[in-house]
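Undergrad: Okay, here's the structure, questions in a sec.
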Amino acid sequence: MVVSQFEWGILAIVAVGFVAPAWLLAIGYLIAARKTKPEEPNKRYFAYAELLKSLHAQMDIKTRTVRNGPLFAATVRELANYPEYRTLSVLFLEEITVTGTKKFDNVVRAELKAVEAGLLEASDA
57 MVVSQFEWGI LAIVAVGFVA PAWLLAIGYL IAARKTKPEE PNKRYFAYAE
107 LLKSLHAQMD IKTRTVRNGP LFAATVRELA NYPEYRTLSV LFLEEITVTG
157 TKKFDNVVRA ELKAVEAGLL EASDA
C-alpha cells in the first residue's frame, strides 16, 4: 500500500487540526484541575480546634495565669480568622479575665477586647 502526498496531507491536517488540540485541551484541563483543589471541609474545623487547645494549654488553671503572654495574645488574635465559629470564640473570650498590671497583661487585655469586639461586630453585619 502506497500513500500519496495528498493522503499524507489529509492525515497531517487531521492530526494537527483535531488530535493535537484535543490533547492540549485535555492536558490544560488536568493542570488547571490540579491547581484548584478544593479545600477539605473539615480542615478549618480541625485548625480551630487546635487553636482552642493551644489557648487552653497556655493557661495554668491552678494559678490562674498565662504561661506566655505574647504567644497567648497572638493566639487570641488568630481567633478572628474563624468568623464561622464567632459564637464559641466570644464565649471563650468572655470567660478570660486579666487581672495583672504588667506590660503583657495590658497587651493581652487589649487583644481580648479587640478580638471580641471584632467578632461581635462581624456577627451584627
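In the numbering used here, each residue's number is its place in the sequence shown (first place is 1) plus 56.
Backbone N, C-alpha and C fix where the C-beta goes; we use that ideal spot for every residue, glycine too.
Remember, predicted model here, so these are calculated numbers, not experimental data.
1. Over the uninterrupted alpha helix (DSSP H) stretch that includes R142, give me the two end residues.
2. From T157 to L144, what does the alpha carbon distance come to, in whole angstroms?
3. Could you say which of H112, R100 and K91 lies nearest to E151 if we only look at CA atoms?
4. Could you tell me the distance, in whole angstroms, from the CA atom of I66 to the CA atom of V58?
5. Residues in the same chain with beta-carbon distance under 8 Å from T131, minus the five sequence neighbours each way, listed in chain order, please.
6. Decide if A129 is buried, meaning its Cβ has at least 16 other Cβ atoms within 10 Å, or exposed.
7. Could you tell me the alpha carbon to alpha carbon distance between Y104 and P126, rounded to whole angstroms?
8. For D116, which residues does DSSP report across the bridge?
9. Reducing DSSP to helix, strand and coil, say where K159 ends up.
10. What's the C-alpha gap between D116 and N124?
11. Please list, in chain order, all residues of the same chain as A136 whose beta carbon is under 6 Å from its beta carbon, the five residues on each side excluded.
TA: The answer reads as follows:
1. Annotation: the continuous alpha helix (DSSP H) that includes R142 extends over R142 to E150.
2. The C-alpha of L144 is placed about 27 Å away from the C-alpha of T157.
3. For E151, the closest C-alpha among the options H112, R100 and K91 is that of H112.
4. Distance between the alpha carbons of I66 and V58 is about 15 Å.
5. Within its own chain, the residues whose Cβ lies closer than 8 Å to the Cβ of T131, once the five positions on either side in sequence are excluded, are L107, S110, L111 and Q114, listed in chain order.
6. Only buried fits A129, as 16 or more other CB atoms lie within 10 angstroms of its CB.
7. Distance between Y104 and P126, taken at the CA atoms: about 19 Å.
8. DSSP, once it has assigned bridges, lists T121 as partnering D116.
9. Helix, per DSSP.
10. Taking the straight line joining both Cα atoms gives about 10 Å.
11. Answer for A136: V171 and G174, listed in chain order.
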